[in-house]
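Right, one structure below, let's go through it.
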Amino acid sequence: MTTDEREIAELTRLVREFATERDWQQFHDPKSVILALVGEVGELAELFQWVRADDAIATFAVPERKARAGEEMADVLIYLVCLADVLGVDLGAAARAKLAASHVRFAADEVRGRAPDKP
Numbered sequence: 078m079t080t081d082e083r084e085i086a087e088l089t090r091l092v093r094e095f096a097t098e099r100d101w102q103q104f105h106d107p108k109s110v111i112l113a114l115v116g117e118v119g120e121l122a123e124l125f126q127w128v129r130a131d132d133a134i135a136t137f138a139v140p141e142r143k144a145r146a147g148e149e150m151a152d153v154l155i156y157l158v159c160l161a162d163v164l165g166v167d168l169g170a171a172a173r174a175k176l177a178a179s180h181v182r183f184a185a186d187e188v189r190g191r192a193p194d195k196p
């Protein structure tokens, strides 16, 4: 098991433990978890909503804003890990498989420097 796999497994354990200690796993059906995940993605998006694209990096270099974005990203990650756990998806394996497919689909020598035109 790689370090990344151990970290995902540990995060999964911590998220599961947090829910179990509160008897919340009963509410963690896939639909409810994905709705919570979408809500958190919305909260993250809201932070960027009126920030000009060319100002985003500088805007979020401000420590307070960076911390707030980090909190929302953590919420997104926690719900994603929870959803993967509920559905029995190995997130690390799924991400590696998706990246491997993307290497083929978007060959670097074909798409370098431009947005891909494939959906």
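Following my numbering, the numbering of the sequence shown begins with 78 at its first residue and continues without gaps.
For each residue, glycine too, the CB sits at the ideal point set by N, CA and C.
Could you spell out where the alpha helix (DSSP H) holding residue i opens and where it closes?
i      : result
PHE125 : 107–125
MET150 : 140–164
ARG189 : Element bounds for ARG189: n/a, residue is neither H nor E.
ALA130 : Here ALA130 belongs to no alpha helix (DSSP H), and DSSP marks it neither H nor E.
ARG182 : 168–182
ASP81  : 80–98
In terms of alpha-carbon separation, which member of the options lies closest to residue i?
i      : options                        : result
GLU82  : ARG129, LEU168, ALA146, ASP194 : LEU168
ALA146 : ALA161, THR80, ASP132, VAL118  : VAL118
ASP152 : VAL139, GLU84, GLU120, VAL166  : GLU120
PHE104 : SER179, ALA178, LEU160         : LEU160
Could you check how far apart the C-beta atoms of residue i and residue j are, in whole angstroms? I think they sit under 8 Å.
i      : j      : result
LEU114 : LEU164 : That belief does not hold up - the Cβ atoms of LEU114 and LEU164 are roughly 12 Å apart, past 8 Å.
ASP162 : THR79  : Contact doesn't hold; Cβ gap of about 19 Å is too wide.
Measure the CB-CB distance between residue i and residue j and report whether it falls below 8 Å.
i      : j      : result
ILE155 : VAL92  : yes
LEU112 : GLU149 : no
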